[in-house]
Amino acid sequence: MKELQHLNKYFLKYKAHLIIGTIITIVARVFLLYTPRYVKKIFVVVENALEGKITKDVFKAELSEAILYIIGAALIGAILTFFMRQTIINVSRYIEFDLKNEIYGQYQKLSLNFYKKNRTGDLMNRISEDVGRVRMYAGPALMYSINTITLFVIVLIYMFNAAPKLALFTIAPLPILSVAIYKLSREIHKRSTIVQQYLSKLSTYTQESFSGISVIKAYGIEPLTATNFKALSASSKEKQINLTKVQALFFPMMILLIGTSNLLVIYIGGMQYINGEIESLGTIAEFIIYVNMLTWPVATVGWVTSIVQQAEASQKRINEFLKIEPEIKNTNSNRTEITGDITFNNVSFIYDDTNIQALKNVSFNIKEGETLAILGKTGSGKSTVLDLIGRLYDIDSGSIIISNTEINLLNLNDLRNSIGYVPQDAFLFSDSIKNNIKFGKEDATEDDVINAAKNAQVHKNIIKFNEGYDTVLGERGITLSGGQKQRVSIARAIIKSPKILLFDDCLSAVDTETEEKILKSLNKLSKGKTTVIVSHRVSSVKNADKIIVLEDGEIVQKGKHESLINVEGYYKDLYLKQLSETDSKQE
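Residues in the sequence shown are numbered from 180 upward in steps of one, following the working numbering.
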């Protein structure tokens with residue numbers, strides 16, 4: 180139960196609902212327990228009538244009264260039970276809501292390293308399947324536990340008041356039940372953990388398969404992926420069956436023990452009646468009803484125990500992520516004015532997950548309103564520079580200064596709100612094109628969206644769709660071509676008119692003519708804004724105020740286009756190569 184202590188704060192939050200629910204539960208059980216007492220009274224009335232102790236009219240009156248009390252108590256008990264479920268089960272839904280939001284909030288805070296080390300399917304499983312199992316503990320398990328404890332206490336008091344010796348024999352099988360539950364619970368906990376792990380593997384595999392369906396179809400490996408899925412499903416099924424086999428022992432064991440208690444009531448009660456130790460057969464009938472009333476609560480002990488064990492296994496998996504401290508923390512809660520001046524002083528950075536050194540003593544300076552272009556071979560550290568400006572990672576050594584302040588001392592929210600970022604892999608959401616562009620500025624008007632699309636040279640493409648800007652995209656923007664996705668991403672970045680614009684090779688999928696138009700628009704829009712462009716094309720960076728060339732994480736060339744094309748090195752070689760390619764295309 181240690182892992183489930185995390186939920187205590189939620190139980191305290193909704194303590195009023197739980198207290199009301201508990202009171203209703205107790206009152207409902209009290210009313211339902213009128214039934215066996217009045218059944219006993221009916222037996223006594225019948226016995227008195229048979230022995231001639233009461234008249235026929237008295238018999239009818241007392242019998243009618245007992246029946247009316249039974250019906251009334253049952254109705255009141257049923258109504259109260261309804262309200263009991265409405266209060267306690269609703270609390271479980273509130274807790275489920277809060278817990279999902281807490282997990283999602285934690286996911287939002289965690290750094291990119293976390294997402295590199297954990298699979299999406301597993302993250303999804305923990306916020307859905309695991310939270311669902313925890314909800315069962317916070318709702319049904321809690322409700323039935325309160326119900327069972329209340330019923331046991333009241334029933335046992337009634338039983339011992341009516342016939343102490345008979346009550347003692349009736350509850351004799353319960354210690355055996357407790358020992359069996361303890362042993363089975365430990366095994367359920369162990370097997371539940373394994374089941375949840377396999378569910379995560381299954382979720383991860385299916386998520387990756389659906390996301391990469393175009394690749395799977397292109398390579399014609401549907402049979403292979405189906406075979407792999409079948410094997411993983413078979414393993415998951417085996418673990419589920421292993422868990423079910425243990426859980427299946429509960430109910431037969433309950434029925435056996437309850438049946439044994441019924442036999443003891445009939446035999447021991449019958450002997451006591453014969454010996455005159457109990458005055459009426461109604462006591463035996465009353466006890467049989469009590470025992471049967473305990474049947475479901477006793478049966479739920481096993482079910483509740485199973486739920487608790489599964490919930491603890493799930494909450495343990497949830498707590499593993501909730502206990503992770505975010506690597507990137509907002510150390511400044513005060514508003515920060517971002518101007519756009521950026522300075523890298525001997526910045527070095529190593530990726531934790533691969534131990535690859537991406538940058539080595541990188542230094543440069545960009546003044547507000549200037550444009551910096553970064554070129555280099557694949558893996559030279561270009562994208563890392565942009566990630567560090569947005570503080571998606573913290574550097575290992577050196578310093579990054581933005582607006583004359585160390586980057587880790589800036590308000591993180593203000594920093595990122597001041598940046599318009601177009602990643603290399605243009606990611607679009609399964610929403611309308613309009614909402615994807617407005618993602619950069621939620622309060623943008625229709626005109627703002629259209630102007631941003633026009634500046635990104637994608638407006639003409641959008642209006643050709645049947646639904647225009649209201650066209651809903653497929654997952655990851657699969658509805659659009661690569662170039663269209665990049666241009667929508669550019670529109671999303673520029674619509675917010677940020678202080679800093681970061682473009683990570685975002686024109687690689689467009690033709691040179693469209694590229695030229697986009698660059699002209701960006702030149703106008705970037706007036707007074709700091710712009711950093713990562714590219715493999717000289718045509719995209721030739722007008723930049725400053726150009727740096729990275730190789731293995733180090734700056735090997737620095738200058739302007741005019742000076743770099745006259746110096747032997749990577750930039751001149753790339754320029755001449757792309758110039759000859761352009762000439763050959765024109766021919």
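Just so you know, even glycine gets a beta-carbon here, dropped at the ideal spot from N, CA and C.
Partner residues in the beta bridge of G738, as assigned by DSSP, are I726. Cβ-Cβ distances below 7 Å link K556 to E730 in the same chain, with the five nearest sequence neighbours on each side left out; the list follows chain order.
Around K675, the same chain offers G599, G619, K620 as residues with beta carbons nearer than 7 Å, after the five sequence neighbours per side are excluded. Distance from the CA atom of V713 to the CA atom of L538, rounded to whole angstroms, is 15 Å. Here L460 has F222, E226, Y452 as same chain residues with Cβ atoms under 8 Å from its own Cβ, once five neighbours each way along the sequence are excluded. Note on geometry: alpha-carbon atoms of E308 and A490 lie some 10 Å from one another.
Straight-line measurement puts the Cα of A405 at about 11 Å from the Cα of I395. Under the three-state reduction of DSSP output, L186 falls in the helix class. Taking a C-beta distance under 8 Å as the contact criterion, G256 and A207 qualify as a contact pair. A residue is called buried when at least 16 other Cβ atoms come within 10 angstroms of its Cβ; M450 does not meet this threshold and is exposed. Unbroken alpha helix (DSSP H) runs of no fewer than 4 residues, entirely contained in the stretch 534-622, are found at 561-568, 591-596, 612-617, following chain order.
Residue environment analysis places G662 among the buried positions, since at least 16 neighbouring C-beta atoms fall within 10 angstroms of its C-beta. A contact is defined here as three or more CB-CB pairs under 8 Å, and the stretch 520-529 meets this definition with respect to the stretch 543-550. I205 is positioned such that its CB atom lies closer than 8 Å to that of T329. By a beta-carbon distance limit of 8 Å, Q386 contacts G300. Their separation comes to about 4 Å.
Straight through space, the alpha carbons of N269 and K699 are spaced by roughly 58 Å. Nearest neighbour of Q375 by Cα position, chosen from I392, K416, S390, turns out to be K416.
Pairing L565 with L681 gives a Cβ-Cβ distance under 8 Å. Using a 10 angstroms sphere on the CB of T533, the tally of other CB atoms stays under 16, which defines it as exposed.
With contacts defined as CB atoms closer than 8 Å, I267 and L197 qualify as a contacting pair. Distances from the alpha-carbon of I336 to those of K708, R272, L212, S611 put L212 closest. The DSSP-derived three-state label of S660 is coil.
Per DSSP, the unbroken beta strand (DSSP E) holding S527 starts and ends at 521-529.
In the DSSP assignment, T710 is bridged to T550, L680. Around the beta carbon of F608, a 10 Å sphere encloses fewer than 16 other beta carbons of the protein chains shown; the residue is thus reported as exposed. Between L652 and N615, the gap from beta carbon to beta carbon is short of 8 Å.
In the DSSP secondary-structure assignment, E692 is not bridged to any residue.
Taking all protein chains shown into account, R570 has 16 or more neighbouring C-beta atoms within 10 Å of its C-beta and is therefore buried. Nearest to R496 by alpha-carbon distance, out of T510, A605, I373, is I373. For S718, same chain residues with a beta-carbon under 6 Å away, outside a window of 5 residues either side, do not exist. When the alpha-carbon of L436 is set against those of N471, V735, K664, the nearest one is in N471. With contacts defined by Cβ atoms closer than 8 Å, Y193 and Y273 form a contacting pair.
Per DSSP, reduced to three states, the secondary structure at E733 is strand. Shown here for I447: same chain residues with a beta carbon closer than 6 Å to its own, the five before and five after excluded, namely L345, F348 in chain order. CA-to-CA, the gap between I199 and V209 works out to about 16 Å.
Our two residues, D627 and A552, have alpha carbons roughly 27 Å apart in a direct line.
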